Every structure is written in C-alpha cells, then in structure tokens.
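The structure appears below as structure tokens.
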Amino acid sequence: MNTIFQYDENFIYVIGGDLKITEDEEIPSGYTDVPPEEGLYKAKFDPKKKMWFESASKEYIESLQPKPQPSEMEIMQKEIAELYYLFAVGGESS
798 MNTIFQYDEN FIYVIGGDLK ITEDEEIPSG YTDVPPEEGL YKAKFDPKKK
848 MWFESASKEY IESLQPKPQP SEMEIMQKEI AELYYLFAVG GESS
C-alpha cells in the first residue's frame with residue numbers, strides 16, 4: 798500500500814485527504830505520491846516539478862505564531878502605572 802496526497806484545484810494540500818492505494822492502482826487526478834515537506838504552513842504542489850513549496854505569505858505565517866507573554870518586569874511596570882493612576886484620580890484599590 799502506498800499513501801497518496803490530495804491537493805485542490807489550486808494545488809493546495811488538502812489536510813485529511815490522504816488515501817492508501819495498492820501499487821498497481823493508478824494515482825487519480827488531484828493526488829500525488831510525493832509527500833508534502835514538514836513545516837509548510839500552506840503546502841502547494843507543483844505538478845511539473847513534482848514538489849511541494851510554501852504558498853503562505855509571511856504575514857499569514859506570522860499571524861499563526863503565539864503572542865509572546867509579558868515579562869515579569871513588564872507586568873510590574875503595568876501594575877505600578879495602574880497604582881499611579883489610582884492615586885492620581887483619588888481612587889481606592891480593593
């Protein structure tokens with residue numbers, strides 16, 4: 798059994814579209830036996846070169862990255878700023 802990998806009409810990899818076929822079966826249209834490389838965010842297949850490449854924009858990839866957590870210093874600076882504000886407006890803290 799061989800695994801084949803599905804791509805859509807724009808040659809974008811279809812997650813969950815992989816199939817198993819026997820060695821004597823023909824690969825159907827919209828599939829390839831070339832596995833997408835690991836680490837691609839939006840894999841796109843080039844049938845002429847028989848290879849996958851990254852099609853996601855830099856902005857798209859960056860949007861998927863988790864936002865960094867504030868450091869202890871940043872948290873303390875924010876808390877101090879809030880205390881100064883409360884003091885300035887005459888508020889009371891709980």
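If you want my numbering, it's the position in the sequence shown, counting the first as 1, plus 797. Backbone N, C-alpha and C define an ideal beta-carbon position, used for all residues, glycine too. Quick caveat: nothing in here was measured; it's all calculated off a predicted structure.
For the segment 799-812 against the segment 827-836, are there 3 or more C-beta pairs whose distance is under 8 Å?
yes
Using the rule of at least 16 other Cβ atoms within 10 Å of the residue's Cβ for burial, across every protein chain shown, is A754 buried or exposed?
Residue coverage of the chain in this structure runs from 798 to 891, which leaves residue 754 outside it and unanswerable.
For K841, which residues from the same chain have a beta carbon less than 8 Å from its beta carbon, with the 5 sequence-adjacent residues on both sides left out?
Here the question's residue 841 lines up with position 44 in the sequence shown. Answer for K841: Y804, N807, F808, I809, Y810, W849, F850, E851, S852, listed in chain order.
For L816, name the three-state secondary structure that DSSP assigns.
Counted from its first residue, the sequence shown places residue 816 at position 19. DSSP places L816 in strand when its eight states are reduced to three.
Based on the DSSP secondary-structure assignment, which residues constitute the bridge partners of N799?
In the sequence shown, residue 799 corresponds to position 2, counting from 1. Answer by DSSP bridge pairing, in chain order: I818.
At what residues does the beta strand (DSSP E) containing A840 begin and finish?
Working through the sequence shown from its first residue, we reach residue 840 at position 43. Taken as a continuous stretch (DSSP letters only), the beta strand (DSSP E) holding A840 covers 840-843.
Beta-carbon separation (whole angstroms), Y882 vs I858, contact threshold 8 Å
Counted from its first residue, the sequence shown places residue 882 at position 85. Counted from its first residue, the sequence shown places residue 858 at position 61. Going by Cβ atoms, the distance from Y882 to I858 rounds to 38 Å, so no, they are not a contact pair.
Where the alpha helix (DSSP H) through E871 begins and ends
Counting from 1 along the sequence shown, the entry for residue 871 is found at position 74. Unbroken alpha helix (DSSP H) run through E871: 869-886.
Which value, in whole angstroms, describes the spacing of the CA atoms of E834 and E869?
Working through the sequence shown from its first residue, we reach residue 834 at position 37. Working through the sequence shown from its first residue, we reach residue 869 at position 72. Rounded to whole angstroms, E834 to E869 spans 38 Å at the Cα level.
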